[in-house]
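Residue numbers (the working numbering): 1 to 174.
Quick look at the structure:
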């Protein structure tokens, strides 16, 4: 695939991830309304369901409402950061940065840290928030499947590092 096609597709993905970040900002803004029922899982997952006002008020207590708002917004901010990081990577590629460059590898390393965060932070955040707001503990034991994505990307980054070193050797040879 030639460089122009890669740049064109990267621009498309850049706008897609900016759009996803915008949707998350909108979800944060709507999360404080009486029409949204929020659900955040300990895995990589967030759900916003919209109901009529009477259904939300009758089914949730005040503490549960704040628990969902705080946990949803915290996780949404992490997702916004991830989406913006990915958009930045695609922006660099669309501007002509070689894929096997140290810049892209460094940005992928930062992205992986945020992906580990989105998989691990809820395991500590949810019990803490549950204890503070409701006086009970909410523990989920297990390995979140969201950890497999950063593990896989770590392997991919090692391939990129090797590709970058090969690219450097080829550039130095010529």
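Every residue gets a Cβ at the ideal spot worked out from N, C-alpha and C, and that includes glycine.
Could you check whether residue j and residue i sit closer than 7 Å to each other, using their CB atoms as the reference points?
| i | j | result |
| --- | --- | --- |
| residue 116 | residue 150 | yes |
| residue 78 | residue 118 | yes |
| residue 12 | residue 83 | no |
| residue 108 | residue 157 | yes |
What's the call for residue i, buried or exposed, on a 16-neighbour Cβ count within 10 Å?
| i | result |
| --- | --- |
| residue 132 | exposed |
| residue 49 | Any reading at residue 49 needs caution, since the residue's pLDDT is 49, under 50, leaving its predicted position unreliable; the model's value is listed next. Answer is exposed; the Cβ neighbour count stays below 16. |
| residue 129 | buried |
| residue 245 | Here the chain covers residues 1 to 174 and nothing more, so residue 245 does not appear. |
| residue 3 | exposed |
| residue 86 | buried |
| residue 8 | exposed |
| residue 5 | exposed |
| residue 111 | buried |
In angstroms, rounded to a whole number, what distance separates the CA positions of residue i and residue j?
| i | j | result |
| --- | --- | --- |
| residue 94 | residue 61 | 48 Å |
| residue 14 | residue 135 | 43 Å |
| residue 65 | residue 166 | 54 Å |
| residue 74 | residue 89 | 23 Å |
| residue 154 | residue 148 | 10 Å |
| residue 24 | residue 70 | 14 Å |
| residue 125 | residue 27 | 20 Å |
| residue 91 | residue 173 | 29 Å |
| residue 127 | residue 146 | 18 Å |
| residue 175 | residue 152 | Since the displayed the chain opens at 1 and closes at 174, residue 175 lies outside it and no answer follows. |
| residue 29 | residue 123 | 24 Å |
| residue 120 | residue 16 | 26 Å |
| residue 104 | residue 18 | 18 Å |
| residue 76 | residue 169 | 42 Å |
| residue 96 | residue 10 | 10 Å |
What would DSSP say about residue i, mapped onto helix, strand or coil?
| i | result |
| --- | --- |
| residue 56 | Caution applies to residue 56, whose pLDDT of 45 falls short of 50 and renders its modelled position unreliable; the model cannot decide the point. |
| residue 101 | coil |
| residue 214 | An answer regarding residue 214 cannot be provided, because it is not within the stretch 1 to 174 covered by the chain. |
| residue 106 | helix |
| residue 144 | coil |
| residue 22 | helix |
| residue 125 | helix |
| residue 178 | This structure leaves residue 178 out entirely; the chain is present only between 1 and 174. |
| residue 50 | At residue 50 the pLDDT is 47, less than 50, meaning the model places this residue with poor confidence; the figure from the coordinates comes in the next sentence. Strand, per DSSP. |
| residue 68 | helix |
- prompt: Taking one C-beta from the region 161-174 and one from the region 94-109 each time, how about it: are there three or more such pairs within less than 8 Å?
  reply: Between the region 161-174 and the region 94-109 there are three or more inter-stretch CB-CB distances shorter than 8 Å, so the stretches are counted as touching.
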